[in-house]
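Number of protein chains: 2
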Amino acid sequence: MATLSINQVTTQTGVRPSALRYYEEIGLLRPMGRVSGRRQYDESILQRLALIQTGQRAGFTLSELGVLLNNVLDATSTAGDWHALVERKLKEMDAMLVNIGSMKRLLEDIRDCDDESLAECIVLTGQRHMTGQS
Amino acid sequence: MATLSINQVTTQTGVRPSALRYYEEIGLLRPMGRVSGRRQYDESILQRLALIQTGQRAGFTLSELGVLLNNVLDATSTAGDWHALVERKLKEMDAMLVNIGSMKRLLEDIRDCDDESLAECIVLTGQRHMTGQS
DNA sequence: GTAGCAACTCAAGTCCACTTGAGGTCAAGA
DNA sequence: TCTTGACCTCAAGTGGACTTGAGTTGCTAC
């Protein structure tokens, strides 16, 4: 199984070295081997980082991802409120879906205004959204 | 048309006075009337704040919302790249929808693990997600 | 052996979105 | 009149997620 340098991880994931060191510092990534002082990463880091990136874009904080990665996915510990976290985040995500839906509809309507009639168009679409009509 | 005190706005929207003053400071809310030094809000503030809240939960920064609120919804100015912003945010939101979908599926699978067989269950569901299978 | 380069540590800085705290003002009620 | 309460300003602090910069170490090549 190939091992990766910090720079190889960066080029394959887009996550900068400073971020990788920071993740390690806050315990999101567990300390891994060193060769003459330099970090060596296992290929499994790539999946971990993919999950971190997906999670962040889905509204998870790093500490929430830490609970999932360290308590759940690694099963290093059955302790902790990860059940509660999972339930809470599922609700939060459903709320986000609703909000994203609203904003998408608003922006799609606004996008279709042309610059000439911008003012009136905006008054119309804006009012429509502000008053909760479809 | 009724005017609202800062405290009334807070109770009706949940947005704290400190946040309202901050929004004003950064130009997200335009300066409004004062009565003996105290801010007086028009009822339309409620819709504006609703949009801000929805926007924030949909991943908009306050400065992005400022562009929409001040350049678009108020039509005070046709200047600025709000077209570009709208296109960019629509793409970002679609990406968020995908990410939220992935995380939801992961958490729903994890939730259904029971504590006894946690370790194995997680290995299975975790692997499934890590390797991109459904 | 020394120059170069990639990586290292540690402290400090940055951006965002606010909150907190100290001290000040003003109309209304006891 | 005097106190209370709601508001005010302004500066500084907070938490999250990193980045930046200075100074150091340790192979590798010449």
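Residue numbers (the numbering used here), protein chains in the order written: chain A, 1 to 134; chain B, 1001 to 1134. Glycine included, every Cβ here is placed at the ideal spot set by N, Cα and C.
Item	Value
is_contact[Gly1033/B, chain A] using C-beta, thresh 8 Å	no
Under 8 Å between C-beta atoms of Met103/A and Met1096/B	no
Per DSSP, the bridge partner or partners of Leu1004/B	Tyr1041/B
Arg1105/B to Ser18/A span [Cα, whole Å]	30 Å
Chain A residues whose Cβ lies nearer than 8 Å to that of Gly1014/B	Those within 8 Å of Gly1014/B in chain A number zero; the least Cβ separation is about 14 Å.
Asn99/A: contacting residues in chain B (beta-carbon distance under 7 Å)	Thr1054, Arg1057, Ala1058
Per DSSP, cross-strand counterpart(s) of Val1035/B	Arg1038/B
Under the three-state DSSP convention, the category Gln12/A falls into	helix
Cutoff 8 Å: Leu4/A Cβ touching any chain B Cβ	no
Cβ distance (whole Å) where Thr54/A is taken to contact Asn1099/B below 8 Å	5 Å
Closer than 8 Å to chain B by CB, Ala95/A	yes
Contacts that Lys1089/B makes with chain A (C-beta to C-beta distance below 7 Å)	Leu107
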